[in-house]
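Structure record follows, encoded as structure tokens.
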Amino acid sequence: MIRYFTVLMLLAFAWACQPEVSDASGGAEESVERAEYALVIHGGAGTILRENMTSEKEKEYTDALNAALDIGERILKAGGSSMDAVEQTIMYMEDSPLFNAGKGAVFTHDGKNELDASFMDGASRNAGAVGGVTTVKNPIRAARAVMEKSEHVMLVGKGAEAFAQEQGLDIVPPDYFFTQNRWDALQRTLEAENKQNGALLSNPDHKFGTVGCVALDNKGNIAAGTSTGGMTNKRYNRIGDAPIIGAGAYANNATCGVSCTGHGEYFIRYAVAYDVNALMDYKGLSLQDAAHHVIQEKLKAAGGSGGLIALDRNGKVAMPFNTPGMYRGYARPGEREVGIYGE
Ligand code: ASP
37 MIRYFTVLML LAFAWACQPE VSDASGGAEE SVERAEYALV IHGGAGTILR
87 ENMTSEKEKE YTDALNAALD IGERILKAGG SSMDAVEQTI MYMEDSPLFN
137 AGKGAVFTHD GKNELDASFM DGASRNAGAV GGVTTVKNPI RAARAVMEKS
187 EHVMLVGKGA EAFAQEQGLD IVPPDYFFTQ NRWDALQRTL EAENKQNGAL
237 LSNPDHKFGT VGCVALDNKG NIAAGTSTGG MTNKRYNRIG DAPIIGAGAY
287 ANNATCGVSC TGHGEYFIRY AVAYDVNALM DYKGLSLQDA AHHVIQEKLK
337 AAGGSGGLIA LDRNGKVAMP FNTPGMYRGY ARPGEREVGI YGE
């Protein structure tokens with residue numbers, strides 16, 4: 037009898053000592069296989085309507101999105117790191133005049149281009165960001181350099197530029213960022229503002245255009261980055277969500293990586309990127325549910341327009357937006373999709 041009781045006790049003890057299985061990606065235990073790699077990008081969200089687009093313009097954007105995905109996918113396929121994939125993919129989009137980041141950035145009220153970017157490593161949760169730089173060719177490289185080569189997380193203005201120069205990054209004259217399109221958009225905004233007797237109008241076109249990328253590599257490491265020129269007609273050295281860790285970007289290997297685009301002030305106030313991670317971490321929501329809730333419910337109810345791209349630790353992808361369109365795309369082994377409009 038005593039022997040029988042001892043065996044029972046041992047069994048009960050062994051059961052109690054089993055490691056707890058937690059699955060941040062799906063609440064209930066799912067045996068989901070991790071994709072060998074995954075990559076997701078955006079080129080901004082806003083009033084992007086099929087009826088306002090020519091087929092040539094549409095092709096230019098889908099070609100650019102595919103070319104950006106090619107760059108990141110090549111790195112990940114060869115076993116490269118998610119951080120390299122994010123940096124190189126975003127650099128391509130910064131160099132393209134199509135997007136509101138790097139060359140092609142929107143103009144401030146004073147006719148300047150002030151650029152913001154952030155970078156985060158989901159393995160270490162190290163992060164770096166720059167705000168309001170006017171001479172750094174690729175702000176995303178500067179953000180990564182802040183993370184890796186300084187003891188800080190965020191540098192702004194002249195100091196950030198001096199740091200980028202010290203790090204040997206490409207420095208360009210401010211007029212490198214000029215594009216006629218963006219200049220004309222500022223003139224239209226200024227005219228509209230004058231008609232409204234000077235009421236501040238940041239973006240009557242409601243076309244955003246920030247770029248972002250999130251990647252998962254074959255070691256299970258997630259990285260995220262965001263880069264932008266901000267909003268047309270911004271003033272007073274306004275800085276948006278893009279360089280704010282937790283607002284415009286976030287990465288955590290245990291949950292997800294996120295990059296946002298939209299009306300920055302809302303994304304800052306609602307800590308959008310971190311909120312997706314928190315819903316997965318604390319409530320066990322899936323990536324799809326967390327991302328949908330934050331963009332389509334919470335942010336929308338608050339009046340904040342925009343979207344995000346994200347992937348979870350298994351390489352599942354989410355790309356919700358509450359605007360008419362968002363330039364976006366993702367790649368996984370044997371899978372590729374790019375999109376512009378809402379379905
Ligand atoms: N989020 C950016 C900002 O507010 C703008 C954008 O996404 O287009 O600066």
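Just add 36 to wherever you are in the sequence shown, counting from 1, and you've got the numbering used here. Cβ atoms here follow ideal geometry from the backbone N, Cα and C, with glycine treated the same way.
Unbroken beta strand (DSSP E) run spanning residue i, endpoints
i, result
"ALA81", "74-82"
"ARG274", "Element bounds for ARG274: n/a, residue is neither H nor E."
"GLY147", "No beta strand (DSSP E) contains GLY147, which DSSP labels as neither H nor E."
"LEU7", "Residue 7 lies beyond the residue range present for the chain, which begins at 37 and ends at 379; the question has no answer from this structure."
Burial state of residue i (16 or more Cβ within 10 Å)
i, result
"ALA327", "buried"
"PRO279", "buried"
"LYS231", "exposed"
"ASP157", "buried"
"TYR377", "exposed"
"ASN257", "buried"
"LEU252", "buried"
"LEU46", "Reliability fails at LEU46, whose pLDDT of 48 lies under 50, so the model's placement of it is uncertain and no value is given."
"ALA178", "buried"
"ARG372", "exposed"
"PRO209", "exposed"
"LEU85", "exposed"
"ALA367", "buried"
"ASP311", "buried"
"GLU69", "exposed"
"PRO356", "buried"
"LEU44", "Any reading at LEU44 must be qualified, since the residue scores a pLDDT of 48, below 50, and its modelled position is unreliable; the value itself is stated next. So LEU44 ends up on the exposed side."
"GLN223", "exposed"
"GLY370", "exposed"
"TYR272", "exposed"
Minimum C-alpha distance to residue i - residue among the options
i, options, result
"ARG274", "TYR306, LYS148, VAL189, THR98", "LYS148"
"LYS270", "ASP146, MET362, GLN203, ASN350", "ASP146"
"MET267", "ASN88, GLU96, PHE143, GLY79", "PHE143"
"ALA314", "ALA287, GLU373, GLN332, GLU333", "ALA287"
"PRO360", "GLU87, THR246, MET183, THR215", "GLU87"
"LEU391", "GLY375, LYS185, TYR366, GLY265", "Within the shown structure, residues of the chain are numbered from 37 to 379, placing residue 391 beyond reach of any answer."
"ALA104", "ARG364, ASP348, ALA159", "ARG364"
"ALA307", "ALA290, GLY276, LEU323, ASP325", "GLY276"
"ASN174", "GLU371, THR262, ALA100, ILE111", "THR262"
"LEU112", "TYR73, PHE135, THR170", "TYR73"
"GLN203", "ASP220, MET190, GLU184, ASN217", "GLU184"
"ILE281", "ALA71, GLY82, ALA260, TYR272", "ALA260"
"ILE304", "LEU191, ALA338, VAL172", "ALA338"
Extent of the continuous alpha helix (DSSP H) to which residue i belongs
i, result
"ALA71", "That residue, ALA71, is in no alpha helix (DSSP H); it is neither H nor E in DSSP."
"ASP348", "Premise fails: ASP348 lies in the beta strand (DSSP E), 342-348, not in any alpha helix (DSSP H)."
"MET190", "From DSSP, MET190 is part of no alpha helix (DSSP H) but of the beta strand (DSSP E) over 190-192."
"ILE304", "300-305"
"ALA103", "91-113"
"ARG177", "175-185"
"LYS139", "It is not in any alpha helix (DSSP H) - LYS139 carries neither H nor E in the DSSP assignment."
"THR225", "216-231"
"ASN88", "Careful: ASN88 lies outside any alpha helix (DSSP H) and carries neither H nor E."
"THR125", "118-131"
"TYR212", "Per DSSP, TYR212 belongs to no alpha helix (DSSP H) and is neither H nor E."
"LEU323", "323-328"
"LYS334", "Premise fails: LYS334 is in no alpha helix (DSSP H) and is neither H nor E."
"VAL308", "308-319"
One or two residues paired with residue i in a DSSP bridge
i, result
"TYR286", "VAL294"
"ASP157", "ASN162, ALA259"
"MET362", "ALA81"
"THR264", "ASP152"
"PHE357", "GLY343"
"ALA368", "The displayed chain sequence assigns Arg, not Ala, to residue 368. Paired residues: GLU371."
"ILE35", "Here the chain has residues from 37 to 379 only, and residue 35 is not among them."
Chain D within 8 Å of residue i, Cβ atoms only
i, result
"ILE176", "Any reference to chain D falls outside this structure, which holds one protein chain only."
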